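With the first letter of the sequence shown counted as 1, position 176 gets the number 176 in the working numbering; the numbers rise by one all the way through.
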Amino acid sequence: MNATQSTFSLKSVYVDFREITKARLAVSVVFSSIAGFMLGIYDFHSLDWMVLLKLAIGGYCMVGASNAFNQVIEKDLDALMDRTKNRPVPAGRMSKNAALVVASFLTILGIVLLYTINPKTAMFGAISIFLYTSVYTPLKTITSLSVFVGAFPGAIPFMLGWVAATGEFGIEAGTLFLIQFFWQFPHFWAIGWFLYEDYEKAGFFMLPTGKKDKGTVLQIILYTVWLILASLLPVLGFTGRFYITPVTAVVVFLLGLWMLFYAVRLYKVRTAKAARTLMLVSVLYITLLQLVYILDKFLR
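Shown next, in the form of structure tokens:
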């Protein structure tokens with residue numbers, strides 16, 4: 001009986017840790033960092049697996065810490081929303097103090113691991129936590145510009161991988177940042193659309209016009225177009241070591257049109273289902289885009 005209780009307790013701790021760090025989101029963010037790292041190294045032979053491992057673990061810690069701090073700050077608001085009320089802190093399975101300890105530990109561990117790669121990587125990791133928890137999170141109940149602010153820490157991971165690989169922040173890292181920065185808007189506004197009623201319960205302002213209207217979708221379309229243009233910059237030859245071939249640029253463009261199609265579809269029907277589809281497509285888009293960049297680098 002004790003063994004069964006112990007197993008159940010360990011499983012509960014594991015499940016709560018996954019929830020408070022938002023494991024699925026954290027893993028996708030780590031993937032972006034790894035993609036940036038692969039683009040940053042000169043060739044496969046120069047790949048340092050230990051650095052890559054530290055980037056992956058340190059990156060997860062930083063994202064997990066941001067999410068844990070966020071859930072401490074928004075404990076009472078999370079309790080009002082259906083999608084968040086069963087999280088460890090609002091549900092009472094984890095105290096605020098315990099969550100703070102977890103968040104603080106992950107912050108320290110993450111910064112230390114990233115610092116052992118190089119100081120710039122640790123600096124950008126620390127900036128992302130600060131912006132997410134101290135600026136983006138409080139602004140969510142004040143203004144829809146919170147999405148703009150949140151796009152900065154959200155765009156850091158892709159660029160962070162390049163900085164980890166090279167120790168430098170230049171035009172290449174800036175381009176990676178720009179791509180993921182523009183991607184944030186259609187992605188999060190799509191989420192804000194189909195979860196509008198739930199966000200409204202907590203007083204969160206997630207849509208640019210504050211409503212599910214044509215104005216919001218027009219901005220989604222506009223930022224999707226900016227995203228497509230940014231994703232094609234590497235083919236022009238002005239982005240240093242980060243460049244793609246014309247053939248790959250065609251593939252990248254077609255991926256962009258695929259996402260744009262669903263953005264336009266949302267404009268036509270303006271339903272929660274269409275917004276959810278756009279969100280899912282946006283996740284697939286950024287993943288495939290990063291994979292296409294990596295394949296172009298190592299197969300050309």
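C-beta atoms are modelled at their ideal positions from N, C-alpha and C, and glycine is treated no differently.
Everything numeric in this text was worked out from a predicted model, so none of it was measured.
Leaving out five residues on either side along the sequence, give the residues of the same chain with a beta carbon under 7 Å from the beta carbon of residue i.
i, result
"Ala79", "Lys85 and Pro90"
"Glu172", "Trp162, Thr239, Gly240, Arg241 and Phe242"
"Gly64", "Thr21, Ala26 and Leu106"
Which same chain residues end up closer than 6 Å to residue i when comparing Cβ atoms and leaving out the 5 residues on each side of it in sequence?
i, result
"Leu77", "Ala202"
"Met1", "Residue confidence is low: Met1 scores 47 on pLDDT, short of 50, so the model does not pin down where it sits. No coordinate-derived value is stated."
"Glu19", "Arg87 and Pro88"
"Arg276", "Phe194"
"Gln290", "Ala35"
"Ser28", "none"
"Leu227", "Phe182 and Trp183"
"Tyr223", "Phe182, Phe185 and Pro186"
"Pro119", "none"
"Met279", "Ala190 and Ile191"
"Tyr42", "none"
"Ala272", "Phe194"
"Gly59", "Val30 and Ser33"
Please state the DSSP three-state secondary structure of residue i.
i, result
"Phe169", "coil"
"Met259", "helix"
"Val89", "coil"
"Gly240", "coil"
"Phe204", "coil"
"Gly210", "coil"
"Arg300", "coil"
"Tyr42", "coil"
"Lys140", "coil"
"Asn303", "Because the chain spans 1 through 300 in this model, residue 303 falls outside it and cannot be assessed."
"Met123", "helix"
"Leu113", "helix"
"Leu222", "helix"
"Leu270", "Leu is not the amino acid found at residue 270; the sequence shown has Arg there. Correct three-state label for Arg270: coil."
"Leu195", "coil"
Note down, in chain order, each residue of its chain lying with its Cβ closer than 8 Å to the Cβ of residue i, except the 5 sequence neighbours on either side.
i, result
"Ile73", "Thr133, Thr137 and Pro138"
"Leu288", "Leu255"
With a threshold of 16 other CB atoms inside 10 Å of the CB of residue i, please say whether the residue is buried or exposed.
i, result
"Lys214", "exposed"
"Glu168", "exposed"
"Ser9", "exposed"
"Gly237", "exposed"
"Phe261", "exposed"
"Val247", "exposed"
"Thr143", "exposed"
"Phe177", "buried"
"Val250", "exposed"
"Leu47", "exposed"
"Ile111", "buried"
Looking at the ligand COA, does it come within less than 7 Å of residue i, judged from the CB to the closest heavy atom?
i, result
"Ala190", "The ligand COA is absent from the structure shown, which contains no ligands of any kind."
Rank the options by C-alpha distance to the C-alpha of residue i and give the top, closest one.
i, options, result
"Gln71", "Val102, Phe253 and Thr209", "Val102"
"Tyr267", "Leu255, Pro246, Arg300 and Lys212", "Lys212"
"Thr321", "Leu232, Phe188 and Glu200", "For residue 321 there is no data in the structure shown, the boundaries of the chain being 1 and 300."
"Ser95", "Gly59, Lys22, Leu113 and Val13", "Val13"
"Met38", "Ala23, Leu55 and Arg24", "Leu55"
"Ala165", "Phe298, Leu114, Ala155 and Arg265", "Leu114"
"Phe31", "Ala68, Ala151, Ile117 and Gln180", "Gln180"
"Ala68", "Ile117, Leu233 and Phe17", "Phe17"
"Ile221", "Leu233, Thr121 and Ser282", "Ser282"
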